[in-house]
Structure formats: C-alpha cells, structure tokens
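Q:
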Amino acid sequence: MYKFALLIAIIGIFTIPVVLPDVFAHGLGGDQAEPLSFGDMEVTVRTQLSPSDITVGEIDSANMQIRFFDTLTDKNLDKVTYRVEVWQSGELLARNLFYDMDGRLDVKIKPQPNCNENNLEECSIYGGSEHVSAPGALFVQGAACTDDNLDICARPSITGPIFVKGGLYKIRVDIEAATSPRTVLANLLSYETFVSVAQEQDFFIKTANAEEIPVIVKTYYDDVDNFKFDTSDNSISFDMPFDWSPSYVNLVQVVHEEVRVPKTFAPYAEGKQFKGFVNGVEIDQRALLNDPYSYEDTNIVHFLITKNELQKINEKLGVDNYDNPKMDLKLVPLSEASKSSTEFYLVDTTNYEKVPTTVKISWDGKYGANQEIPFEFTFFNENRELIKDVKYAYFVFDEFDKEVASNVGDDTSSLGITSTEGIDIQRIFVPLQGQIRVDVKVLGTGLDYDPTYAGIGSTIIEIGPGSSDVVTSVPEKAQIPTWIKNNAGWWADGSIGDSDFVQGIQFLIKEGIMKIPSTTQGTGSNQIPTWIKNNAGWWADGSIGDSDFVQGIQFLIKEGIMKIQS
781 MYKFALLIAI IGIFTIPVVL PDVFAHGLGG DQAEPLSFGD MEVTVRTQLS PSDITVGEID
841 SANMQIRFFD TLTDKNLDKV TYRVEVWQSG ELLARNLFYD MDGRLDVKIK PQPNCNENNL
901 EECSIYGGSE HVSAPGALFV QGAACTDDNL DICARPSITG PIFVKGGLYK IRVDIEAATS
961 PRTVLANLLS YETFVSVAQE QDFFIKTANA EEIPVIVKTY YDDVDNFKFD TSDNSISFDM
1021 PFDWSPSYVN LVQVVHEEVR VPKTFAPYAE GKQFKGFVNG VEIDQRALLN DPYSYEDTNI
1081 VHFLITKNEL QKINEKLGVD NYDNPKMDLK LVPLSEASKS STEFYLVDTT NYEKVPTTVK
1141 ISWDGKYGAN QEIPFEFTFF NENRELIKDV KYAYFVFDEF DKEVASNVGD DTSSLGITST
1201 EGIDIQRIFV PLQGQIRVDV KVLGTGLDYD PTYAGIGSTI IEIGPGSSDV VTSVPEKAQI
1261 PTWIKNNAGW WADGSIGDSD FVQGIQFLIK EGIMKIPSTT QGTGSNQIPT WIKNNAGWWA
1321 DGSIGDSDFV QGIQFLIKEG IMKIQS
C-alpha cells in the first residue's frame, strides 16, 4: 500500500496539496509521524504550530494543530478522540483528552512560566467542556478552525509551563476513538511528533583591541554553554547537550542553531564565507548559510546540520562518540567571496502569471567550467523577506539546450529540495564555458506544499574558465533521479499495476523530471510487452543503464501505449 501511495503522491504533487507517507522526524514548527495501518487505510498524525517559528518570551499564545488523516487519500477521519501529551526533556507538561468533529484538532497554548510544582503537569489548566458523547474529552462548541480564523474559532486551551523554555518538545498523541465518539479502538494508535521552540542567549566577544561585540545565539535545540571567541582565527564556539546514539540520530531531521553578529564586525561582515566544525569534524559548507537579508545591521549564520551530516560525523568518530553527551560547534570565518548574482521572478504553471516569488542565484566567480560550482539559491516574497521552508527543484541546460544537471530532491517521501531558511547552496557541475540556462520550479512551502509561492522561472548565467586554484571533483551525472527506480522495481515485481506505472512515468516526463529524447507519439492502445517490464526490473537493480530503460519508454510512446499530453 505504501508503494502505491507514493506513486499517486508523485503524480499529484503539482496540482493539489498531497500528503506524502513517512515525512517524519524532528521538525521546527511541524512534524508528521510514521503512518500505521487502520483497516484499509494508512493513518497518521501531523502536528503544526502557528506561528511556526516560536521564540521564548515573544508570544502570549500559539496554536497547536493536530491532524489525524489517511495518507493514501489525504482525507481526515472524523469524530476523533485524542489523548494529547506534551513533554520536554523527559518531563510531562500536559496531558488531557480532546474531542474533534472533523479530524483537525486545534488547541490554544498559553505559556505560563514560574511553575512551583514538583510535577510540572500539575500547573497546567485546561479550557473547554466535556463532550456529551466522548466522556472526559474537552470540546468547544462554535466555528470550526481554519488557518484563517484562529483568533475567533472554537478551540480548547492549555495554560501552563509549555513553550516557556527553548528546545525540543515531544507531542505524543493516542487516538482512542475515531469515525464515532463511541467507537473505541481495540488497540490505541499511538504517535510521537517533535517540534522545536527557539530561545535566544546573549553573549559578548572581546576582540584583540579589547572591543566588546554583542552576539546572539538563537538555539532551537537546547541551552548552549561554554561560549568562546578565539582572537587567533576569530572563531566562535559553544556546546549544548545532544544524544549521539545512532537510534536517536536517525530520528533527527535537522539541528538548527543561529549565530547573530553585527555587520560592522569585519570578520563576520556580509559576503564572508565560513567553515564549520561539529565535535572537531569539518561539516559540509552547505550546512552553513549566511543571511544578510533578515536584518539591516546584523548577519545571521545558520548551522543547519542534517541527519545525513550527523551520521557522517558518527561514522568518522566511531562508537566512542555514541556516548558523548554534547555537541560542540565551531564557526570559523574565511575570506570574502567575490560573487556575481542574477534575479528573476516566477510565474504560475497554468496562466503563466507572475507569483509573489523572486529567486536570486549567486555564485563565486573563481569557479567555472569543468568544476562543481556552489550556487546559492535565495527565495524572496513580495516584501523582500526570505520565504521559509521552500520545496523546489532546478534543471540546468547548456547553450545547445542539453540538460547538464538537475535535482528534484533525493527523499522518496518528500518531493523537492527543502530550503528551510529560504537560502540553499547546491554544488552543480558545469562541463563547459559559455551560457547555461537554470530553470527553477518552486513546488510550495511546508509539509502541505502550500502553493502561495509556487511557480517556475528561468535565468541565463555566463560560465567562465574558473580558477586553477579551485579543486573540485567531477561527479557522475545521473540522467534520471535514482529514486524513480523504486517505481520501476515495484512495477516489475507486481506491487503496482500497469496503469499506475504508466501514470507515474507520464507525470515525470510531463514535468521535466525525467528526460526522454524527442519521440513521435503513436495512436495505438496495445498492452505493455513483457520485455519492458523485464527492462524495468533490470534497470531498478542496476543490471542495465538509463539509456536502455529510456529506449523502453520511447517504445511505449511510439506505440501509443503511453500518451504524453503537451
């Protein structure tokens, strides 16, 4: 069932908000748990905060939305009784039953510090009335909640020691009844989701000239400690608690820390590049993003350390690191880069009318032909603010209109590259000098692929010879994203049918994700030959190359078995 759901999700991602299975891990303001089987459905819980980026002390209230739905159809289950628990650092902060009519539970969270009880949950106060059909479950009669009416809709509340401290919060949800308040499940459906709340910590660094520079560390994970500034290399370092056990690291989507430094402090001025280290291991420079856009007088350097990067650190340091209770972070400024840039706006894919999205692509001129060039993609809204949590893809063509690179993301459960802060760095290998065309497609924002900023656009970039001082590896160019092979393998082993396979390939070709040489389309309606299914299986397991598989797809088009709409 999961394989079929993934194929359908890929087909529909550009036209409707589609929920993709297995989008789960520690999130910022939203998270989705792994689905569980419930009858003929695959059901899960999604938790989202509003506002999504909460900083301790800056809000009086927040909305916590918990949605219970079928991932195969993206439809909510109704008449749901939820048992909701809120935890942080192993301490229970709140626990209660709630009832909701339409499968979307909205709870108003009102942070209340200074709890003097030994058990913090005893300080929490719950607002609402017991529902007549769901004993003990709180419910508020009135207008159903939507994203646009949270200030006036009917929703229960929790007032207590929640979101009064930064870090990771666990939202545990047990589904006790669904489709009817009196239908109690024989076995509870239990889910855990994680959301991060930020807090800011103030520090000062003393320069070699005894000047004191204010620095803010905004942490989304845990309290930072041992803040230091080294005048020999102008580096900033600090640490925080962290669980390095592989089982825990596998749950972490990203560790996010921000270092905010005045632009007037030269080593951290706009345009600077950085090296970053975690537990002494140098991390990929793409994990360090310099944001000069959000504040007029302050640069923000983001540490965005992904699960893959954390796993690589564990591999490098070995089993001794598994018991290390801390994460040590270090930021070292490098020389300023001489960057070129281009900007363009996006249009929608239906009427090709302008959407409120501007894309800026920047690159360092010392990189050029036959090198991997670090291109920085930045996404702005109509107010010149960074668009957060962007899902996008890019395609690069040479002056002869031949594709030389593309990336639609490598997560089979979440189409697109995720740019959490609206800034993303991609290393793109460009084989020759001359003009290249870069096409960018924004798929949406957030877990729901909100289409507000979705659109497509293109720009032309002139690539020079590059500096001989730059040493970059020449990557193997993949003609087709490797995750597409999953579909072919499932079809070959009978997990999905012919029509599902054809629909998936039709979509991939139409959206430019899979490139097929020009082929005259036939008008027949023959059955798919067995040898093509064999080809698909061989391609999926690596026995034949991309070109052999593409020849099979060309045959389907030529014979009219597969029709691609223009």
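In the numbering used here, the protein residues as written are 781 to 1346. Note that CB positions come from ideal geometry on N, CA and C, so glycine has one too.
1) Could you tell me whether the segment 829 to 843 touches the segment 882 to 890, where touching means 3 or more Cβ pairs closer than 8 Å?
2) Write down every uninterrupted run of the beta strand (DSSP E) in the segment 964 to 1021 whose length is 3 residues or greater and which is fully enclosed by it, in chain order.
3) Can at least three beta-carbon pairs, one atom from the segment 1068 to 1086 and one from the segment 1208 to 1225, be found at a separation below 8 Å?
4) Using 8 Å as the cut-off, can you tell me whether the segment 1181 to 1191 makes contact with the segment 1128 to 1137, which would need three or more C-beta pairs spanning the two stretches below that distance?
5) For the pair the segment 936 to 947 and the segment 906 to 920, tell me if three or more CB-CB distances fall below 8 Å.
6) Between 1158, 1197, 1162 and 1151, which has its C-alpha nearest residue 1172's C-alpha?
7) Rounding to the nearest angstrom, what Cα-Cα distance links residue 882 and residue 948 in this structure?
8) Quick one: what's got a C-beta closer than 7 Å to residue 821's C-beta in the same chain, skipping five residues either side?
9) If you reduce the DSSP assignment to three classes, tell me which class residue 1240 lands in.
10) In this structure, does DSSP put residue 1337 in helix, strand or coil?
11) For residue 814, tell me which candidate among 1111, 1031 and 1141 has the shortest Cα-Cα distance.
12) Could you pull the start and end residues of the alpha helix (DSSP H) that residue 1089 belongs to?
13) Touch check for the segment 855 to 867 and the segment 1006 to 1023: three-plus C-beta pairs under 8 Å?
14) Between residue 1039 and residue 1326, what straight-line distance do the alpha-carbon atoms span, to the nearest angstrom?
15) I'd like to check one pair, residue 995 with residue 985: are the Cβ atoms closer than 9 Å?
16) How is residue 1111 classed by DSSP in three states: helix, strand or coil?
17) Count the CB pairs spanning the segment 1262 to 1274 and the segment 1306 to 1324 that are closer than 8 Å, and state whether there are at least three.
18) Who are the Cβ neighbours of residue 943 in its own chain at under 8 Å, not counting the five residues just before and after it?
19) Between the Cα of residue 1124 and the Cα atoms of 1283, 1157 and 1105, which residue gives the shortest distance?
20) Check whether the Cβ atoms of residue 1002 and residue 1018 sit closer than 9 Å, and answer yes or no.
21) Give me the residue from 1332, 1241 and 1245 with the minimum Cα distance to residue 1285.
22) Under 6 Å Cβ to Cβ from residue 980, same chain only, skipping five residues before and after it: list those, please.
23) Nearest CA to the CA of residue 1178: which residue from 1282, 1203, 1194 and 1242?
24) By DSSP, does residue 1164 sit in helix, in strand, or in coil?
25) Give the DSSP-derived three-state secondary structure of residue 1429 in the structure shown.
26) When you measure from the CB of residue 937 to every non-hydrogen atom of the ligand GDP, does any distance come out below 8 Å?
27) If you reduce the DSSP assignment to three classes, tell me which class residue 1362 lands in.
28) Under 8 Å, with one C-beta from each stretch per pair, do the segment 1110 to 1121 and the segment 1203 to 1214 reach the 3-pair mark?
29) If we count the other Cβ atoms within 10 Å of its Cβ and call it buried at 16 or more, is residue 885 buried or exposed?
30) Taking just the CA atoms, how far does residue 1132 sit from residue 914?
31) Just to confirm before moving on: does the CB-CB distance between residue 1007 and residue 983 stay below 9 Å?
32) Within a Cβ cutoff of 6 Å, which residues of the same chain sit near residue 1096, ignoring the five residues on either side of it in sequence?
33) Locate the alpha helix (DSSP H) running through residue 1317, then write down its first and last residues.
34) What does a CB cutoff of less than 7 Å around residue 803 pick up in its chain, not counting 5 residues either side in sequence?
35) So, are the CB atoms of residue 900 and residue 872 less than 9 Å apart?
36) Output needed for residue 1053: all residues of its chain with C-beta closer than 6 Å, excluding positions within five of it in sequence on either side, in chain order.
A: The relevant details are as follows:
1) Short answer: they touch.
2) 964 to 977, 979 to 986, 992 to 999, 1005 to 1010 and 1015 to 1021
3) no
4) Output reads no: the segment 1128 to 1137 does not touch the segment 1181 to 1191.
5) The answer is yes - the segment 906 to 920 touches the segment 936 to 947, with three or more Cβ pairs under 8 Å.
6) The sequence position of residue 1172 within the sequence shown is 392, counting from 1. Looking at the Cα atoms, 1197 is the closest of the given residues.
7) Numbered from its first residue, the sequence shown carries residue 882 at position 102. Numbered from its first residue, the sequence shown carries residue 948 at position 168. Each residue's alpha carbon lies about 28 Å from the other.
8) Position 41 of the sequence shown, counted from the first residue, corresponds to residue 821. So the list reads 850 and 852, once near-sequence residues are dropped.
9) Sequence index remark: in the sequence shown, residue 1240 carries index 460 (1-based). Strand.
10) Start at 1 with the first residue of the sequence shown, and residue 1337 comes out as number 557. The answer is helix: DSSP assigns residue 1337 an H, G or I state.
11) Walking along the sequence shown from the start, residue 814 turns up at place 34. With distances taken between Cα atoms, residue 814 lies closest to 1031.
12) For the purposes of this step, residue 1089 is identified with residue 309 of the sequence shown, where counting begins at 1. Where residue 1089 is concerned, the enclosing alpha helix (DSSP H) starts and stops at 1087 to 1097.
13) no
14) Residue 1039 sits at position 259 when you count from the first residue of the sequence shown. Residue 1326 sits at position 546 when you count from the first residue of the sequence shown. If you take the alpha carbons of residue 1039 and residue 1326, they lie about 44 Å apart.
15) Working through the sequence shown from its first residue, we reach residue 985 at position 205. Working through the sequence shown from its first residue, we reach residue 995 at position 215. Result yes, Cβ atoms of residue 985 and residue 995 sit closer than 9 Å.
16) What you label residue 1111 is simply residue 331 of the sequence shown in a count that begins at 1. If DSSP states are grouped into helix, strand and coil, residue 1111 belongs with the strands.
17) yes
18) Numbered from its first residue, the sequence shown carries residue 943 at position 163. Excluding positions up to five away in sequence, the list reads 834, 836, 839, 842, 889, 891, 949 and 977.
19) Position 344 of the sequence shown holds residue 1124. Comparing Cα-Cα distances from residue 1124 to each of 1283, 1157 and 1105, the minimum goes to 1157.
20) Along the sequence shown, read from residue 1 onward, the residue named residue 1002 stands at position 222. Along the sequence shown, read from residue 1 onward, the residue named residue 1018 stands at position 238. Going by C-beta atoms, residue 1002 is not nearer than 9 Å to residue 1018.
21) Translated into the one-based positions of the sequence shown, residue 1285 becomes position 505. Of the candidates 1332, 1241 and 1245, the one whose C-alpha sits nearest the C-alpha of residue 1285 is 1332.
22) Here the question's residue 980 lines up with position 200 in the sequence shown. 996 and 998.
23) Within the sequence shown, residue 1178 is the residue found at index 398, counting from 1. Taking residue 1178 as reference, the option from 1282, 1203, 1194 and 1242 with the minimal CA-CA separation is 1242.
24) Within the sequence shown, residue 1164 is the residue found at index 384, counting from 1. Coil, per DSSP.
25) The structure shown has nothing for residue 1429, since the chain only spans 781 to 1346.
26) Only the bare structure without any ligand can be found here, which leaves the ligand GDP out of the picture.
27) Past the boundaries of the shown model lies residue 1362; the chain is included only from 781 to 1346, so the question cannot be answered.
28) no
29) Walking along the sequence shown from the start, residue 885 turns up at place 105. Looking at its Cβ environment, which holds 16 or more other Cβ atoms inside 10 Å, residue 885 is buried.
30) Your numbering for residue 914 matches position 134 in the sequence shown. Your numbering for residue 1132 matches position 352 in the sequence shown. Cα-Cα distance, rounded: 50 Å.
31) If you number the sequence shown from 1, residue 1007 lands on position 227. If you number the sequence shown from 1, residue 983 lands on position 203. A contact, by the Cβ cut-off of 9 Å.
32) Stepping through the sequence shown from its first residue, residue 1096 is reached at position 316. Correct list, in chain order: 1061.
33) To locate residue 1317, count along the sequence shown from 1; it is residue 537. Start and end: 1310 to 1320.
34) Counting from one through the sequence shown, the residue named residue 803 turns up at place 23. In this prediction, residue 803 scores a pLDDT of 36, lower than 50, which makes its location untrustworthy; the coordinate-derived value is nonetheless stated afterwards. Cβ neighbours of residue 803 beyond the five flanking positions: 812, 1193, 1194 and 1227.
35) The residue you call residue 900 lines up with position 120 of the sequence shown. The residue you call residue 872 lines up with position 92 of the sequence shown. Yes. Within cutoff.
36) Reading the sequence shown from its first residue, position 273 is the one you call residue 1053. Once the five neighbours on either side are set aside, the close Cβ partners of residue 1053 are 1114 and 1117.
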